[in-house]
Amino acid sequence: MDIFQQTEALLQEVQEAVINNPEELEAFRIRYLGSKNKLKDIFAEMKNVPNERKKEFGQLVNSVKQAAEEKYAIIKEALESSATATAGQDIDLTLPGDVVTLGARHPIQLVKNQIIEIFKRLGFVVEEDREIEDDWHNFTALNMPEDHPARDMQDTFFVQVNPDVVLRTHTSSIQVRVMENQQPPIRILSPGRVFRNETISARSHCFFHQVEGLYIDEQVSFADLLQTLDFFVKELFGKDTRIKLRPSYFPFTEPSAEVDVTCFICGGGGCNVCKHSGWVEILGCGMVDPKVLENCNIDPKKYSGFAFGMGVERITMLKYQIKDIRLLSENDTRFLSQFRAAF
Ligand code: DAH
1434 MDIFQQTEAL
1444 LQEVQEAVIN
1454 NPEELEAFRI
1464 RYLGSKNKLK
1474 DIFAEMKNVP
1484 NERKKEFGQL
1494 VNSVKQAAEE
1504 KYAIIKEALE
1514 SSATATAGQD
1524 IDLTLPGDVV
1534 TLGARHPIQL
1544 VKNQIIEIFK
1554 RLGFVVEEDR
1564 EIEDDWHNFT
1574 ALNMPEDHPA
1584 RDMQDTFFVQ
1594 VNPDVVLRTH
1604 TSSIQVRVME
1614 NQQPPIRILS
1624 PGRVFRNETI
1634 SARSHCFFHQ
1644 VEGLYIDEQV
1654 SFADLLQTLD
1664 FFVKELFGKD
1674 TRIKLRPSYF
1684 PFTEPSAEVD
1694 VTCFICGGGG
1704 CNVCKHSGWV
1714 EILGCGMVDP
1724 KVLENCNIDP
1734 KKYSGFAFGM
1744 GVERITMLKY
1754 QIKDIRLLSE
1764 NDTRFLSQFR
1774 AAF
């Protein structure tokens, strides 16, 4: 073997060396990189290499050195990191376990589910729909044509590039979508998030949740509406709860009313929650205006119906005596964890 072949053989040796532990790694280092390493003997032969091949020889020797250095560095790192990994496996079985904290349902979700559950027992089915609406479904079909003053009741977020597109201001838009696509009997409950261009304060927010109800069939009367709401408030707030209707105005219902319930905190005697009146307002309702039925291709001579809409935040705040609506969207776990028990 000439000195070139010996060097090639050494390179192969370096490449094929098996290193499984720190001891073998140290032996490798001494053999190929240490102060008396094998390369030095070979390099000493440089003087016998003919001049024209000296460069080639030098490069070959260098490649052996480089291969040894690289292999050493890679295996050193691998051995060190597997040492830390195995160190982690030394589990101290006497240590106390981590406390697993149970999540809690959001109070809005809790109240929304309670409302849905009550109406489901009366045969209402849940219908949801889009938050980004067009003018027709949010306003016009609901008897609020353009320039109708009632549009001012709800400060609206419009999309600048297309004024026909709005963030829905109420879940009444779902009524329209359902009536356009189904014939009576219709008995739906529509929960969802709504948006209004309101200044954010303790009492109002630019987004909140509503639940809308709609019942359309032959001969649906105001008495049916009253019975339904009476059942609902007794289930939600307790069997002694009573309702009181005050005449009101909504463009999509005629007649319309606002519904108060006897204060479930003081039972009607007067307290801070009901501002000492004994009553708290919880929803709006009425008989669906025949014009709205017509807009949705339902024959108002054959069918009639009632609708109602309530704010979930409002009911939640009353029920749990929450004084600031912002708490319901800030996701502060100190606040939210208080509802842990209330599954
Ligand atoms: N859409 C009304 C609002 O956002 C609430 C409402 C009132 C809904 C009366 C109704 C209703 O269906 O009959 O203020």
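Add 1433 to the 1-based position in the sequence shown for the numbering used here, that's all there is to it. Cβ coordinates follow ideal geometry from the N, Cα and C atoms, glycine included.
In the three-state reduction of the DSSP assignment, residue 1650 falls in the strand class, which pools E and B. The C-alpha of residue 1766 is placed about 9 Å away from the C-alpha of residue 1537. Among the bridge pairs identified by DSSP, residue 1693 is matched with 1677 and 1714. With at least 16 other beta carbons inside 10 angstroms of its own, residue 1690 counts as buried. With a cut-off of 8 Å on Cβ pairs, the stretch 1560-1569 is not in contact with the stretch 1526-1545, counting fewer than three such pairs. Annotation: the continuous alpha helix (DSSP H) that includes residue 1568 extends over 1568-1571.
Of 1749, 1754 and 1755, the smallest CA-CA separation from residue 1548 is found for 1749. Counting of Cβ neighbours within 10 angstroms places residue 1587 among the buried residues, the total reaching 16 or more. In the structure shown, residue 1483 adopts coil according to DSSP, grouped into three states.
The straight-line gap separating the alpha-carbon atoms of residue 1545 and residue 1621 is approximately 14 Å. Where residue 1462 is concerned, the enclosing alpha helix (DSSP H) starts and stops at 1455-1465. In this structure, the straight-line span from the alpha carbon of residue 1514 to that of residue 1507 is close to 11 Å. If you draw a straight line from the Cα of residue 1697 to the Cα of residue 1663, it is about 14 Å long. In the displayed model, residue 1575 falls within a helix according to three-state DSSP. In the DSSP secondary-structure assignment, residue 1624 is bridged to 1644. For residue 1717, the shortest separation between its Cβ and any heavy atom of the ligand DAH lies below 7 Å. CA-CA distance, residue 1673 to residue 1679, rounds to 20 Å. In the three-state reduction of the DSSP assignment, residue 1594 falls in the coil class. Classified as exposed, residue 1550 has fewer than 16 neighbouring CB atoms from the shown chains inside 10 Å of its CB. Residue 1649 is not a Cβ neighbour of residue 1688, given a cutoff of 8 Å.
Beta bridge pairing from DSSP links residue 1619 with 1649.
Note on geometry: alpha-carbon atoms of residue 1681 and residue 1574 lie some 20 Å from one another.
The continuous alpha helix (DSSP H) containing residue 1670 extends over residues 1655-1670. Contact between the stretch 1553-1564 and the stretch 1575-1584 is absent: fewer than 3 CB-CB pairs across the two stretches fall below 8 Å. In this structure, the ligand DAH has a non-hydrogen atom nearer than 7 Å to the beta-carbon of residue 1603. The criterion of a C-beta distance shorter than 8 Å is satisfied by residue 1692 and residue 1716.
Residue pairing by DSSP places residue 1744 opposite 1643 in a beta bridge. With a cutoff of 7 Å, residue 1537 does not count as near the ligand DAH, since its C-beta is closer than that to no heavy atom of the ligand. Shown here, residue 1682 sits in a strand according to DSSP, grouped into three states.
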